[in-house]
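Only one structure is covered here, and it is reproduced in the block below.
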Amino acid sequence: MPKTQSVLLDQKRMGCGGCGADTFKVYTADKTQRIVLQCQGCKSTSFIEPQLAELQIEWGDGDGCITVT
């Protein structure tokens, strides 16, 4: 798959709901395949965990959680 932005034209950018930053570090949280996103602006966290036939997002510490911008 090419790494050009043209492949993502129909996608919405994500950003921090607290500070508006759009740069995140991604970590694995535990053995359940949970993923942690940490905003590089305000350091707040969001959790992504695959569920059966759905995707669950939980909010971590801080008031800036990942959101659609």
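Read left to right, the sequence shown gives residues 157 to 225 (my numbering).
All residues carry an ideal CB built from backbone N, CA and C; glycine is no exception.
Bounds of the beta strand (DSSP E) holding L193 are I191 to C195. In this structure L208 is exposed. Its beta-carbon is surrounded by fewer than 16 other beta-carbon atoms within 10 angstroms. Burial state of T201 is buried, judged by a 10 Å Cβ sphere holding 16 or more other Cβ atoms. Taking a C-beta distance under 8 Å as the contact criterion, K199 and G176 do not qualify as a contact pair. DSSP places S202 inside the beta strand (DSSP E), whose first and last residues are T201 to Q207.
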